[in-house]
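Colleague: Residue 405 in my numbering sits at position 74 of the sequence shown, and the numbers go up by one each step. Before I ask anything, let me first share the structure, which is written out below as structure tokens.
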Amino acid sequence: MKKEDTKKKRIAILGSTGSIGTQALQVIEEHPERYEAYAITANNKVELLIEQARKFRPEIVVIANEEKYGRLKEALDDLPIKIYAGMDAICQIVEEEPVDMVLTAMVGYAGLAPTIHAIRARKTIALANKETLVVAGELIDRLIRQYRVPIIPVDSEHSAIFQCLAGEVGNPIEKLILTASGGPFRTCTLEQLRHVTKAQALRHPNWEMGAKITIDSASMMNKGFEVIEAKWLFGVQPSQIEVVVHPQSVIHSMVQFEDGAVKAQLGVPDMRLPIQYAFSYPDRIHSSCDRLDFFKCTSLTFEQPDTNRFRNLNLAYEAMRRGGNIPCVVNAANEIAVAAFLRDEIGFLDMSDVIERTMECVSYLPEPTYDDYVATDAEARGIAREMISRKS
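Right under this line is the structure:
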């Protein structure tokens, strides 16, 4: 019998009320004999967190927003669940001895500190929070080597590459090819992009995601972050990472080896597949996900990304090449810019302007410490907010 057959894998889900978190719980529900939601956390969605807690009966529930602790405590008072509030509590629960795996599905910079705590506690990381490696790739890379902790990617693109590399130990990678849907504005002109509305940007053609990542996808910043993440996950140089626009989202990414052979991972656009693979690795187990029908999928097309219209991709490459604290600056500025766009304070193209100017203003640090990342994040956010206030 395999280990998974005799002992449930206990998983701490950071961000259980988000898109990845809710789908992770669906995977656990489908395989209750294999997986257990040991801990679940949310930032603000207390009512959904309560609903999840009553259904999955985890050992621990945490709400980051301390103002909502009272409501959470009252609603779960009849259950034997430990209830906490605040970011410090999230950092502490990942260190709990029974936890086998930590799924980091929190949005943005907030995922960095809990991931560091989980690594130091030697927990297997299922990484869905790409900003962790974007912000502090050097630091995370050093820590996973020091503590010998495996990181299994959950993003569909990085999971695809991870799957393509299975059985290829020792075979040099020539190129990683990340596919991008192109988002809802793939065919729009620059003039049209100037007038994009929030409602239009939130309608992704292929994937159902949270608001922030959907805007990132529309602006191609999400793909830029994935490029930076790929550098650290797979140990390649920026010149070895290529982005290809593939509107059908059937090929999730590819690896080209030095003999010219290309391996690709294909499937329907359903995040439950990479989530489940991260949970079950190295095994593959049955999933209720739809199967790819090649008789209906008769056209796969590929295009070069247009970085004149979608400047964020180039900004991410520039940040990756410069290294140090610059990717942290890009992430912070982007989080502020996206939030402002969602509040209708700036236009779609203004987001790239804010990011680029913030990159120019923040002091460059070639070898940042954790405290430097914290300071850089705060400085970049302040600069970005000031720029937005002058625009609005």
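Backbone N, C-alpha and C define an ideal beta-carbon position, used for all residues, glycine too.
1) Strictly by DSSP, which residues pair up with ALA368?
2) Drop a sphere of 10 angstroms on the beta-carbon of ALA500, count the other beta-carbons inside from all chains shown, and report buried for 16 or more, exposed for fewer.
3) Counting C-beta neighbours from all protein chains within 10 Å, is the total for VAL799 16 or more, i.e. buried, or is it exposed?
4) DSSP has MET682 in a bridge; who is on the other side?
5) Taking the alpha carbon of VAL392 as the point to measure from, which residue in ALA384, LYS399, GLU398 has its own alpha carbon closest?
6) Going by the beta-carbon positions, is the gap between ILE667 and ARG712 smaller than 7 Å?
7) Ordered along the chain, which non-local residues of its own chain (more than five positions away) have a Cβ less than 8 Å from that of ALA701?
8) Hey, ALA706 and VAL685: beta-carbon distance below 7 Å or not?
9) List in chain order: all unbroken alpha helix (DSSP H) runs of 4+ residues lying wholly within the stretch 551 to 578.
10) Within 10 angstroms of the Cβ of ALA420, are there 16 or more other Cβ atoms? Answer buried if so, exposed if not.
11) Going by CA-CA distance only, name the one from SER683, VAL358, GLY349 that's closest to SER611.
12) So what does DSSP say about MET585, is it helix, strand or coil?
13) Taking the alpha carbon of PRO363 as the point to measure from, which residue in VAL581, GLN587, ILE414, HIS617 has its own alpha carbon closest?
14) Alpha helix (DSSP H) containing MET418: first to last residue?
15) Which residues bound the beta strand (DSSP E) around ALA484?
16) Given this structure, state the Cα-to-Cα distance separating PRO578 from GLY655, to the nearest angstrom.
17) Using a threshold of 7 Å, state whether the C-beta atoms of ILE544 and ALA561 are closer than that.
18) Taking all protein chains shown into account, decide if GLN635 is buried (16 or more other Cβ within 10 angstroms of its Cβ) or exposed.
19) Quick check on LYS594: does DSSP put it in helix, strand or coil?
20) Closest to ASN396 by CA distance: which of THR455, GLY591, ASN375 is it?
21) Which residue or residues does DSSP assign as beta-bridge partners of SER415?
22) From this set, PRO411, VAL425, LEU410, GLU378, which residue's C-alpha is nearest ARG402's C-alpha?
23) Pick helix, strand or coil for ILE508, following the three-state DSSP scheme.
24) Mind pulling the beta strand (DSSP E) runs of 3 or more residues that sit fully within the stretch 425 to 502?
25) Could you compute how far the alpha carbon of PHE588 sits from the alpha carbon of LYS506?
Modeller: This is what the structure holds:
1) As a first step, residue 368 is located in the sequence shown; it is residue number 37 there, counting from the start. Beta-bridge pairing links ALA368 to ILE342.
2) Start at 1 with the first residue of the sequence shown, and residue 500 comes out as number 169. Note that residue 500 corresponds to Val in the displayed sequence, not to Ala. The residue is exposed, with fewer than 16 neighbouring Cβ atoms inside 10 Å.
3) Only positions 332 to 723 of the chain appear in the structure, and residue 799 is not among them; the question remains open.
4) Counting from one through the sequence shown, the residue named residue 682 turns up at place 351. MET682 is not bridged to any residue.
5) For the purposes of this step, residue 392 is taken as residue 61 along the sequence shown, with counting starting at 1. The residue with the shortest Cα to Cα distance from VAL392 is ALA384.
6) Residue mapping note: residue 667 aligns to position 336 of the sequence shown, counting from 1. Residue mapping note: residue 712 aligns to position 381 of the sequence shown, counting from 1. Cβ distance < 7 Å, so ILE667 and ARG712 count as in contact.
7) Against the sequence shown, residue 701 aligns to sequence position 370. According to the sequence as given, residue 701 is Tyr; it is not Ala. Within the same chain, TYR701 has close Cβ partners ILE447, ALA467, LEU470.
8) Along the sequence shown, read from residue 1 onward, the residue named residue 706 stands at position 375. Along the sequence shown, read from residue 1 onward, the residue named residue 685 stands at position 354. Cβ distance not < 7 Å, so ALA706 and VAL685 don't count as in contact.
9) Within the stretch 551 to 578, the complete alpha helix (DSSP H) segments at least 4 residues long are 552 to 565, listed from N- to C-terminus.
10) Numbered from its first residue, the sequence shown carries residue 420 at position 89. Its Cβ being crowded by 16 or more others within 10 Å, ALA420 is buried.
11) Taking the first residue of the sequence shown as position 1, residue 611 is located at position 280. For the residues SER683, VAL358, GLY349, the minimum Cα distance to SER611 belongs to VAL358.
12) Position 254 of the sequence shown holds residue 585. MET585: strand per DSSP, three-state reduction.
13) Start at 1 with the first residue of the sequence shown, and residue 363 comes out as number 32. Comparing Cα-Cα distances from PRO363 to each of VAL581, GLN587, ILE414, HIS617, the minimum goes to HIS617.
14) Taking the sequence shown and counting its residues from 1, one reaches residue 418 at position 87. First-last of the alpha helix (DSSP H) with MET418: 418 to 424.
15) Within the sequence shown, residue 484 is the residue found at index 153, counting from 1. A small fix is needed here, since residue 484 is Pro in this sequence, not Ala. That run of the beta strand (DSSP E) goes 482 to 484.
16) As a working mapping, residue 578 is identified with position 247 in the sequence shown. As a working mapping, residue 655 is identified with position 324 in the sequence shown. Distance between the alpha carbons of PRO578 and GLY655 is about 33 Å.
17) Taking the sequence shown and counting its residues from 1, the one referred to as residue 544 is at position 213. Taking the sequence shown and counting its residues from 1, the one referred to as residue 561 is at position 230. Not in contact: ILE544 and ALA561 (Cβ atoms no closer than 7 Å).
18) Taking the sequence shown and counting its residues from 1, one reaches residue 635 at position 304. Answer is exposed; the Cβ neighbour count stays below 16.
19) Your numbering for residue 594 matches position 263 in the sequence shown. Correct three-state label for LYS594: strand.
20) As a working mapping, residue 396 is identified with position 65 in the sequence shown. If we check each option's Cα against that of ASN396, ASN375 comes out closest.
21) Indexing the sequence shown from 1 puts residue 415 at position 84. Note that residue 415 is Tyr in the sequence shown, not Ser. BP columns for TYR415 point to VAL393.
22) The count along the sequence shown starts at 1 and reaches residue 402 at position 71. Comparing C-alpha distances from ARG402 to each of PRO411, VAL425, LEU410, GLU378 shows the shortest one belongs to GLU378.
23) One-based indexing of the sequence shown puts residue 508 at position 177. It is a strand residue.
24) Counting whole runs of 3 or more residues, the stretch 425 to 502 contains the beta strand (DSSP E) stretches 432 to 435, 455 to 458, 482 to 484.
25) Within the sequence shown, residue 588 is the residue found at index 257, counting from 1. Within the sequence shown, residue 506 is the residue found at index 175, counting from 1. Approximately 7 Å, taken between the alpha carbons.
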